[in-house]
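Colleague: Just so you know, my numbering puts 323 at position 260 of the sequence shown, and the rest follows in order with no gaps. Glycine included, each C-beta is placed from N, C-alpha and C at the ideal position. Got a structure here, written out as structure tokens. Questions coming.
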Amino acid sequence: MILLIGASGYIGEAFAKELRRRKKEFLSITQRDVDCTRFIPLLEFLKRTKPKFVVNCAGYTGKPNVDACEDHKAETIIGNVLLPQTIAHACATLKIPWGQVSTGCIYNGAKIIENNKTRIETNLANPEVRKLIEEWPAKISGFVETDEPNFTFRHPPCSFYSGSKALGEEAILGVGENYLWRLRIPFDEFDGARNYLSKVQRYAKVYDNVNSLSHRADFVCACLDLWERRAPFGIYNVTNPGFITTRQVAALIVKFLKSKRKFEFWENDEEFYKAAAKAPRSNCVLDVSKILATGVKMRPVEEALEDSLKNWKPEKKS
Ligand SMILES: NC(=O)c1ccc[n+]([C@@H]2O[C@H](COP(=O)([O-])OP(=O)(O)OC[C@H]3O[C@@H](n4cnc5c(N)ncnc54)[C@H](OP(=O)(O)O)[C@@H]3O)[C@@H](O)[C@H]2O)c1
């Protein structure tokens with residue numbers, strides 16, 4: 064049996080759907096069933112139910128967006144540090160392997176290869192950098208799993224959310240046997256408040272930047288595939304290969320949804336942060352060579368985006 068923690072969330076419901084599709088026996092629990100931030104109750108629960116693998120998709124993300132984490136710091140630390148740390152120690156005690164949904168937003172920027180040298184560029188909104196990205200995409204590469212996260216409490220500035228997620232990774236690395244699956248900006252064909260493709264359509268003005276993205280079902284399939292193939296434990300960037308600008312995403316929306324919407328973009332970071340955001344936002348490119356080398360498949364980001372838009376299921380208006 065697989066134990067699923069956080070199945071009521073956006074990512075958790077996708078894990079539940081995929082486990083049902085694979086006909087895997089699993090047990091979903093909520094905070095009401097057992098407080099997984101407390102070691103003894105969790106240990107007793109694991110002893111009783113004996114899962115052979117645990118998936119943790121619970122965490123504190125902030126609603127409607129990560130700015131809420133700036134105002135709910137205790138909940139953020141409990142959900143993103145204390146919770147995975149407790150799960151790690153309880154699972155290690157009972158030798159149960161498990162996987163934690165982490166995030167790519169502990170990084171900011173991308174690597175740029177110029178004159179045979181690689182440098183980290185953190186300002187992907189810089190017009191010269193953007194020109195390079197658009198004209199020479201092969202010169203851009205992403206952060207690999209061994210790169211030290213650079214958008215954290217240890218490397219400020221960062222959002223409180225990103226800082227907490229990086230601390231969560233630190234708290235569980237090397238404790239027992241676990242996967243750290245790094246997700247980045249989830250999207251799919253199901254219109255809704257949590258879907259990046261819906262968010263881009265609903266913003267009054269769009270923030271243009273460069274990012275790696277994760278198709279939600281591709282992400283959960285890849286995470287479960289890593290476990291089913293018994294790939295080595297450790298950190299994996301689980302994004303669709305490649306990167307894309309928000310302007311390119313908007314153009315795909317216009318093309319495939321025949322949207323008449325004329326997208327407006329924030330002029331620059333200054334305007335965006337003054338009017339629409341509180342905490343600094345991470346924009347980053349992740350390298351996925353490690354997961355692809357295990358044989359686990361991920362579609363290129365353009366293909367996953369086109370497929371989602373071709374199969375778009377608009378949210379029913381109440
Ligand atoms: N969505 C994204 O854009 C994104 C991107 C990268 C990474 N992630 C990571 O993916 C994971 C899932 O995110 P999501 O978008 O699915 O979030 P979500 O929709 O907000 O769901 C969060 C889940 O966590 C549970 N939870 C929160 N605090 C908890 C606690 N202290 N103890 C036990 N359960 C707790 C919630 O349970 P209740 O319903 O009972 O509160 C809910 O099931 C998080 O770790 C997040 O950091 C998300």
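(1) Pick helix, strand or coil for Q163, following the three-state DSSP scheme.
(2) Taking only three categories from DSSP, how would you classify G75?
(3) Measure the alpha-carbon distance for A294 versus S227 and round it to whole angstroms.
(4) Examine ligand 1 and report whether any of its heavy atoms sits within less than 7 Å of the Cβ of I141.
(5) Going by the C-beta, is R217 closer than 7 Å to any heavy atom of ligand 1?
(6) With DSSP collapsed to three states, give me the class of S371.
(7) Alpha carbon to alpha carbon, how far is K158 from I65? Give it in angstroms, no decimals.
(8) Regarding Q264 and ligand 1, is the C-beta to nearest heavy atom distance less than 7 Å?
(9) Out of curiosity, what's the CA-to-CA distance linking A338 and T357?
(10) Can the beta-carbon of L187 be found less than 8 Å from the beta-carbon of N272?
(11) Distance check for C132 and R217, CA to CA, integer angstroms please.
(12) Take V283 as the anchor and find which of A342, T139, V263 and R245 has the nearest alpha-carbon.
(13) Going by C-alpha to C-alpha distance, which of K262, L195 and S277 sits closest to Y270?
(14) Could you tell me whether any non-hydrogen atom of ligand 1 is closer than 7 Å to the CB of S322?
(15) Compute the minimum distance between the beta carbon of S71 and the heavy atoms of ligand 1, and state whether it is under 7 Å.
(16) With respect to the beta strand (DSSP E) encompassing Y259, which residues constitute its N-terminal and C-terminal limits?
(17) Just the C-alpha distance for E88 and K80, rounded to the nearest angstrom, thanks.
(18) Looking only at its chain, what residues have a beta carbon closer than 6 Å to the beta carbon of K115, apart from the 5 residues adjacent to it on each side?
(19) With C-beta atoms as the reference, is V144 less than 8 Å away from L243?
(20) Report back the beta-carbon spacing between D254 and W375 to the nearest angstrom; my notes put them in contact at under 8 Å.
(21) Within the region 163 to 242, note down every full alpha helix (DSSP H) run reaching 4 residues or more, in order along the chain.
(22) Pick out the complete alpha helix (DSSP H) segments inside the region 74 to 152, 4 residues or longer, and give them in chain order.
(23) Figure out for me which residue from R83, E138 and I68 has the closest Cα to the Cα of Q94.
Modeller: Looking at the coordinates:
(1) Q163: strand per DSSP, three-state reduction.
(2) Reduced to three states, the DSSP call for G75 is helix.
(3) If I take the Cα positions, the gap works out to 27 Å.
(4) yes
(5) Because no heavy atom of ligand 1 lies under 7 Å away, the Cβ of R217 does not count as near it: no.
(6) helix
(7) The alpha-carbon atoms of I65 and K158 are separated by roughly 14 Å.
(8) It does not: the Cβ of Q264 is nowhere closer than 7 Å to a heavy atom of ligand 1.
(9) Going from the Cα of A338 to the Cα of T357 covers about 43 Å.
(10) Yes, they are a contact pair.
(11) Between R217 and C132, the C-alpha separation is close to 18 Å.
(12) Out of A342, T139, V263 and R245, R245 has the C-alpha closest to the C-alpha of V283.
(13) K262
(14) S322: no, Cβ never under 7 Å from ligand 1.
(15) Yes, the Cβ of S71 comes within 7 Å of a heavy atom of ligand 1.
(16) Looking at the DSSP string, Y259 is not in any beta strand (DSSP E); the run it does join, the alpha helix (DSSP H), is Y259 to R265.
(17) 12 Å
(18) none
(19) no
(20) Confirmed, Cβ separation roughly 7 Å.
(21) Considered as a whole, the region 163 to 242 harbours 190 to 198 and 223 to 235 as its complete alpha helix (DSSP H) runs of no fewer than 4 residues, in chain order.
(22) The region 74 to 152 is shown to contain whole alpha helix (DSSP H) runs of 4 or more residues at 102 to 112, 130 to 134 and 136 to 140, in chain order.
(23) I68
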